[in-house]
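Chains as they are written, first to last, in our numbering: chain S, -9 to 104; chain R, 42 to 160. Glycine is no exception: its CB is placed at the ideal position from the N, C-alpha and C atoms. A quick write-up on the structure given underneath.
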């Protein structure tokens, strides 16, 4: 079986700071996703990528950048952290983007902004 | 836009009791929605519980069942007799069939329902 590894597990930032979250998968999956979860809310898609060097905006892409330089990795950058922001960022991958096969998720990165 | 609404939690039940977690969806941009239940057990990552891609069909896994009802736009999760190990957060999700290539397999999730099962 494969695994999705997100780093760091916890991220504490300052207001206005640029913060980068990393995700690695060894499933050899084509498609990778970044979701954000706020307390009491559903997961919202920030960015996804259907192949290396591809980027597609989700519903919540404003304020974020993403990078897919390798098939196995997908990073997300918070361009300017907002004061008192708290959320969990979940990375996921799937075999491809067209069969709607199941997503495999990492354990998440918990962000807190002071 | 597309949306998923599910039972507000936490839901607390005793072991061996029956369970239903409601899920209704609105798929305004998807012609043939696929429906999912994902689950996150304590200390683990989110994982697929069951999936149904055809209206009228039922999916089942680990004793849980859900039927894709296109008429009522619902996909309720049920289990006849829960166990303490079922305590987790359950997410209903809506996806596109991807057949047209115009959309991808990205999912729209509900807010999650915390289930607590007491021994």
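| Query | Result |
| --- | --- |
| Closer than 7 Å at the beta carbon, the chain R residues around residue 92(S) | 89, 92 |
| Supposed contact pair residue 127(R) and residue 156(R) - C-beta distance, whole angstroms, cut 8 Å | 6 Å |
| Beta carbon proximity, residue 97(R) to chain S, threshold 7 Å | no |
| Contacts around residue 89(R), its chain only, beta-carbon distance under 7 Å, and the 5 residues preceding and following it disregarded | 77, 79 |
| Neighbourhood of residue 42(S) by C-beta distance below 8 Å, restricted to the same chain and skipping five residues each side | 58, 59, 60, 61 |
| Touching by the beta-carbon criterion (3+ pairs, under 8 Å), the region 23 to 34 of chain S and the region -9 to 2 of chain S | no |
| Proximal residues of chain R, C-beta to C-beta of residue 31(S) below 7 Å | 152 |
| Enclosing beta strand (DSSP E) for residue 136(R) [first to last residue] | 129 to 136 |
| Residue 149(R) vs residue 43(R) beta-carbon contact at 7 Å | yes |
| Counted within 10 angstroms of its Cβ, other Cβ atoms place residue 4(S) as buried (16 or more) or exposed | exposed |
| C-beta neighbour in chain S for residue 120(R), strict 7 Å | no |
| Complete runs of the beta strand (DSSP E) confined to the region 61 to 129 of chain R [at least 3 residues] | 64 to 67, 75 to 81, 88 to 93, 99 to 102, 105 to 108, 118 to 120 |
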